[in-house]
Amino acid sequence: MKTALPKEEHALNKKDFVAPNDVRWCPGCGDYAILNAIQRTFPELGVPKENFVVVSGIGCSSRFPYYMNTYGFHTIHGRAPTVATGVKVSNPELSVWLVTGDGDGLSIGGNHLLHLLRRNPDVNVLLFNNRIYGLTKGQYSPTSEVGKKTKSTPFGSIDYPVNPLLFALGSESTFVARTSDTDMKHMVETFKAAHAHKGTSFIEILQNCVIYNNKTWEPVTGREGKSEQSLFLEEGKPLLFGAERNKGIRVNGFDPEVVTLGEDGVSESDLLVHNPKTSNPAYPALLSQLNYPTFPTPFGIFRQLEGRETYENALTQQLAASQSKQGEGDLQALLTGSDSWVVE
Amino acid sequence: MAQAKDSFIEIESAVVRFAGDSGDGMQTVGERFTDSSAFAGNDIATLPDFPAEIRAPAGTLAGVSGFQVQFGSREILTPGDEPDALVAMNPAALKSNLADLPAGGMLVVNTAAFKKMNLAKAGYETNPLEDEDLRNKYHLVEIDFTSLTKEALSESPLKPTDKARCKNFFALGFMYYVYGRPLDPTLKFFQDKWGKRLPDLAEANTLALKAGFNLGDTMESARNRYQIIKAPFDSGVYRKISGNEALVYGLVAASKQSKRELVYAGYPITPASPILEGLSALKHFGVKTIQAEDEIAAMGMALGASFTGKLSVCATSGPGMCLKSEFIGLASITELPLIICNIQRGGPSTGLPTKNEQSDLLQSMFSRNGDSPIPIIAAHSSSDCFDCAIEAARIAITYKTPVILLSDLYIANGAEPWLVPNVSDLPDLEVPFADSSKEYVVYKRDPSTLAREQAIPGQAGLEHRVGGLEKNEEGGVSYDPNNHEEMTRLRADKVNAIANSLPPSELFGDAEGGELLVLGWGGTYGAITSSVRNLRTEGFSVSSLHLRNLNPFPNDLGDILSRFKKVLIPELNMGQLSLLIRSKYLIDAISYSKVQGQPFKVSELSNKIIETIR
Numbered sequence: 008m009k010t011a012l013p014k015e016e017h018a019l020n021k022k023d024f025v026a027p028n029d030v031r032w033c034p035g036c037g038d039y040a041i042l043n044a045i046q047r048t049f050p051e052l053g054v055p056k057e058n059f060v061v062v063s064g065i066g067c068s069s070r071f072p073y074y075m076n077t078y079g080f081h082t083i084h085g086r087a088p089t090v091a092t093g094v095k096v097s098n099p100e101l102s103v104w105l106v107t108g109d110g111d112g113l114s115i116g117g118n119h120l121l122h123l124l125r126r127n128p129d130v131n132v133l134l135f136n137n138r139i140y141g142l143t144k145g146q147y148s149p150t151s152e153v154g155k156k157t158k159s160t161p162f163g164s165i166d167y168p169v170n171p172l173l174f175a176l177g178s179e180s181t182f183v184a185r186t187s188d189t190d191m192k193h194m195v196e197t198f199k200a201a202h203a204h205k206g207t208s209f210i211e212i213l214q215n216c217v218i219y220n221n222k223t224w225e226p227v228t229g230r231e232g233k234s235e236q237s238l239f240l241e242e243g244k245p246l247l248f249g250a251e252r253n254k255g256i257r258v259n260g261f262d263p264e265v266v267t268l269g270e271d272g273v274s275e276s277d278l279l280v281h282n283p284k285t286s287n288p289a290y291p292a293l294l295s296q297l298n299y300p301t302f303p304t305p306f307g308i309f310r311q312l313e314g315r316e317t318y319e320n321a322l323t324q325q326l327a328a329s330q331s332k333q334g335e336g337d338l339q340a341l342l343t344g345s346d347s348w349v350v351e
Numbered sequence: 006m007a008q009a010k011d012s013f014i015e016i017e018s019a020v021v022r023f024a025g026d027s028g029d030g031m032q033t034v035g036e037r038f039t040d041s042s043a044f045a046g047n048d049i050a051t052l053p054d055f056p057a058e059i060r061a062p063a064g065t066l067a068g069v070s071g072f073q074v075q076f077g078s079r080e081i082l083t084p085g086d087e088p089d090a091l092v093a094m095n096p097a098a099l100k101s102n103l104a105d106l107p108a109g110g111m112l113v114v115n116t117a118a119f120k121k122m123n124l125a126k127a128g129y130e131t132n133p134l135e136d137e138d139l140r141n142k143y144h145l146v147e148i149d150f151t152s153l154t155k156e157a158l159s160e161s162p163l164k165p166t167d168k169a170r171c172k173n174f175f176a177l178g179f180m181y182y183v184y185g186r187p188l189d190p191t192l193k194f195f196q197d198k199w200g201k202r203l204p205d206l207a208e209a210n211t212l213a214l215k216a217g218f219n220l221g222d223t224m225e226s227a228r229n230r231y232q233i234i235k236a237p238f239d240s241g242v243y244r245k246i247s248g249n250e251a252l253v254y255g256l257v258a259a260s261k262q263s264k265r266e267l268v269y270a271g272y273p274i275t276p277a278s279p280i281l282e283g284l285s286a287l288k289h290f291g292v293k294t295i296q297a298e299d300e301i302a303a304m305g306m307a308l309g310a311s312f313t314g315k316l317s318v319c320a321t322s323g324p325g326m327c328l329k330s331e332f333i334g335l336a337s338i339t340e341l342p343l344i345i346c347n348i349q350r351g352g353p354s355t356g357l358p359t360k361n362e363q364s365d366l367l368q369s370m371f372s373r374n375g376d377s378p379i380p381i382i383a384a385h386s387s388s389d390c391f392d393c394a395i396e397a398a399r400i401a402i403t404y405k406t407p408v409i410l411l412s413d414l415y416i417a418n419g420a421e422p423w424l425v426p427n428v429s430d431l432p433d434l435e436v437p438f439a440d441s442s443k444e445y446v447v448y449k450r451d452p453s454t455l456a457r458e459q460a461i462p463g464q465a466g467l468e469h470r471v472g473g474l475e476k477n478e479e480g481g482v483s484y485d486p487n488n489h490e491e492m493t494r495l496r497a498d499k500v501n502a503i504a505n506s507l508p509p510s511e512l513f514g515d516a517e518g519g520e521l522l523v524l525g526w527g528g529t530y531g532a533i534t535s536s537v538r539n540l541r542t543e544g545f546s547v548s549s550l551h552l553r554n555l556n557p558f559p560n561d562l563g564d565i566l567s568r569f570k571k572v573l574i575p576e577l578n579m580g581q582l583s584l585l586i587r588s589k590y591l592i593d594a595i596s597y598s599k600v601q602g603q604p605f606k607v608s609e610l611s612n613k614i615i616e617t618i619r
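Chain order of the listed sequences is A and B.
So the first sequence is numbered by my numbering: it starts at 8 and just counts up by one.
So the second sequence is numbered by my numbering: it starts at 6 and just counts up by one.
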């Protein structure tokens, strides 16, 4: 196994990460922008190209590894978190990126995602949420809204949707963020922060399916919505939003409320100040419940807990501790055991 | 046959069964009796038989746990058809085991347990020990183990209930007297297990064991003592080993011999859990183990590990195999090395979780969608699990394929003596990864093995993608009809090519052929071989062949089958190997099935063989 080469020897650029295969997503699909953002991010991470591994499940988004000129593994439906765990545990030097969707990650693979997040290996999870099954041609997904009419719900969906961020927080994920396919700069920033985080990073990417669920996020990620309905989280800054940045989030008891600066004597000091590093999950959980149209939709890093050991490090440490206590394993002694006898 | 010698009657072999409540420690005393017999130089074979419930209500038939061991001065291949001596610690144990004890057999009972309530729980209306027929039919030895144990421990500081729990070792001590077993290995066991932590318990069990032994010396009804001389073993270092232990050691050895770190992912399941537990304790060997969230995850983790070039393994039982099927298909199409151990148990579904069966052969062959053949090997005895682990690793690494290794509950839990191999004699399993200085073509094949080369993350310039979609030789996704057919054929040809690497089959019996060939696989080896060996000495024209490689079959199998007038295939399933043999070789093989959760008896196999020849 080659070890990682120092960054200086690699002047990687976006082109290095473009695979020779033709990209086969539908024209206008939000996945193109995400692919572009990842191909822009990777050269800037200081990781040798051969140390990237992109793992995916099944679905439109899961074709992602085929379009990245890195090591890649297109696995089976919902199970990518397990393969990613195996890769990272086996070789902690690798930079592992997991691409999944709302169906792959939260329906068939919900269990594996839960266990990936709680184990906390240093894997970066990109969950493309378009609130629809695209590759199977338009059935509702676990993030589709109640009442959503699709081919499999002609009278409207009666399933209550899962909130991806609340799911991640419930799984005690150490890094939880949201970005959108319409915001290149924000995606790249978020991906870099995810890479820098030691532990599993979970990023929900609001992504548009141009064929089966077009403009599902338009009210919050579109040109108009973005300025009025998006709340960009910045550590240490009050929760301000709106085209004129004069609206904010205040808590009243356990409930958040939207207030306008200067009205009823409200000032910036009344607003919540963003702290992604608080260990209490109540705060990011509260943020995860802010949704259009009652509230602005937050983007950025909801939670960034430091100090919890990664799974692969904890395992490596156990191996080292065992070896220092018992010495390196002696196979002949193991086979012979302590109750052997000799036949002359 | 038997002759008296210094108050001992010398015999060739004996079978002893301990039976009691799940909480009575029957597995523990059975194992100690086995260790002591191995220490005495006898060959051994064991059959632990316990219920799926951890503690079924005390005294009930559902809670009876048993342990049978055969030991002898000749080669012992099975735990024995029927016990020569049965130790029954309560009425339920007597009721569920007595039918197996032949007339004249020694029946040792704990009279303290034959009270009204226990008799009722076992469904006895009257005390069977008062039954004249029973007293006449068997050599009944009645001992109040409970009171005698308490008496022996009168000075012990243990609580009365804890004292009473030492009665299993009192009973063991008595049986040691009857069969002239050495006490030392058991006394050492007490010291190793409790000497430091619970010295009072170690002392109490020591006293109970010795008191039981001494009772035999003074008791009129222990009229016969038996002596079994050492078995003629080849010289070397021996130990007792169970199938699951042998599998653990074989995997660690394969890791060392292939110079690949061992990564094991598993989910707890009977009877495979001891493999996860065993490997988890071997971190100083660099073994990485992960307890996954489910069977699917375990397989995915192992496959991820395989992608990075590790020796990756998972073990499970039938229900777990069902869940792993989709991933096994992915391992097949991506052509990544992987070992999947299936410790079979009774099915279908949850079936008989603590009973034996070999009914997952067709599942191993066909449980995946599409044409996705993968190699299958089966261990034939406890110690053979070691060799099979190494063979599975050789096939997986050389041919870049998932391999299914079949074991079963009987050989996984059963134990036998094992001639410990010298590590320096183990085969070299090293296979290089792709050369970083050359162009890498993902599915370019070695012309002799048809295996592809594997490049692993971290190798610069060899970046590539694998996945579940069909690929062309260059590794690109391809929907081309001819490419798919070619790749499907290549994957199948590659698996078939493994047969070219196998040694000639070892036939037991007449190489030139004869009346009958008994063809077997897996854990039935001992019963088939014993039966065929016995009948050959009686002059029957019968031979046997035991298959390790079930996919592909050995190249010489068709030729061997053709030399016999009849082929009999005994299996602990409804005829699974039989189906494969009939379809591949177009012969009228005769299937002999048993699905009772128990191994074949030598006697029933012998009867079937005689009936088939005639």
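We put the beta carbon where it would ideally sit given N, CA and C, even for glycine.
- By alpha-carbon distance to V547(B), the top candidate from D564(B), T617(B) and F558(B) is T617(B).
- For M180(B), the number of other beta carbons within 10 angstroms of its own is at least 16, and it is reported as buried.
- Within 10 angstroms of the beta-carbon of P305(A) lie 16 or more other beta-carbons, which makes it buried.
- Here R185(A) has E211 and F306 as same chain residues with Cβ atoms under 6 Å from its own Cβ, once five neighbours each way along the sequence are excluded.
- Judged by pairs of C-beta atoms under 8 Å, the segment 313-327 of chain A does not touch the segment 187-202 of chain A, as fewer than three such pairs exist.
- What E331(B) touches in chain A, judged by beta-carbon distance under 7 Å, is I83, going in chain order.
- Within chain B, no residue has its CB atom less than 8 Å from the CB of K156(A), the nearest being about 31 Å off.
- Scanning chain A for C-beta atoms nearer than 8 Å to the C-beta of F55(B) yields nothing, as the closest lies near 23 Å away.
- Residue contact with chain B for W348(A): present (Cβ-Cβ distance below 8 Å to some residue of chain B).
- For secondary structure counted as the alpha helix (DSSP H) over 4 or more consecutive residues, the segment 351-397 of chain B holds these complete runs in sequence order: 366-371.
- Residues of the segment 299-332 of chain A with a C-beta less than 7 Å from any C-beta of chain B: L322, Q325, L326, S329 and Q330, listed in chain order.
- In this structure, S412(B) sits away from G255(B), with a CB-CB distance that is not shorter than 8 Å.
- For V60(A), the residues of chain B that pass the 7 Å Cβ criterion are P462, in the order they occur in the chain.
- L278(A) sits in coil when the DSSP states are folded into three classes, being neither helix nor strand.
- Cβ-Cβ separation between I395(B) and A532(B): approximately 25 Å, too far for a contact (criterion under 8 Å).
- As computed with DSSP, R22(B) is found in a beta bridge with Q73(B) and L91(B).
- About 7 Å separates the beta carbon of L312(A) from that of K284(A), a gap short enough to meet the 8 Å contact definition.
- Here K155(A) is buried, its C-beta having at least 16 other C-beta atoms within 10 Å.
- Counting the other Cβ atoms within 10 Å of the Cβ of D239(B) gives fewer than 16, which makes it exposed.
- A Cβ-Cβ contact shorter than 8 Å links L434(B) with R399(B).
- In this structure Y167(A) is exposed. Its beta-carbon is surrounded by fewer than 16 other beta-carbon atoms within 10 angstroms.
- Shown here, I402(B) sits in a helix according to DSSP, grouped into three states.
- If you compare the alpha carbons of L566(B), R541(B), P279(B) and E543(B) with that of H551(B), the shortest gap goes to L566(B).
- Near chain B, meaning a CB-to-CB distance below 9 Å, the residues of the segment 106-119 of chain A are N118 and H119.
- Rounded to the nearest angstrom, the gap between the Cα atoms of R619(B) and Y415(B) is 31 Å.
- Within the same chain, Cβ atoms closer than 6 Å to the Cβ of L82(B) are found at G531, T534 and S535, the five residues on either side in sequence being excluded.
- With the criterion set as a beta carbon lying under 8 Å from some beta carbon of chain A, the members of the segment 466-482 of chain B are G466, L467, E468, H469, R470, V471, G472, G473, L474, G481 and V482, in sequence order.
- The C-beta separation of D38(A) from Q214(A) comes to about 7 Å, placing the pair in contact by the 8 Å criterion.
- For D498(B), no CB of chain A lies under 8 Å from its own CB, so it is not counted at the interface with that chain.
- With a threshold of 8 Å between beta carbons, S97(A) makes contact with chain B.
- Setting aside the 5 residues that flank it on each side, R315(A) is surrounded in the same chain by N127, T181 and G206, each with a C-beta closer than 7 Å to its C-beta; the list follows chain order.
- Interface criterion met: the Cβ of E100(A) is under 8 Å from a Cβ in chain B.
- Shown here, V253(B) sits in a helix according to DSSP, grouped into three states.
- With respect to chain A, the C-beta atom of E298(B) has a partner C-beta closer than 8 Å.
- Nearest CB-CB separation between P84(B) and chain A: not below the 8 Å threshold.
- Nearest to T228(A) by alpha-carbon distance, out of R125(A), S151(A), G260(A) and N136(A), is N136(A).
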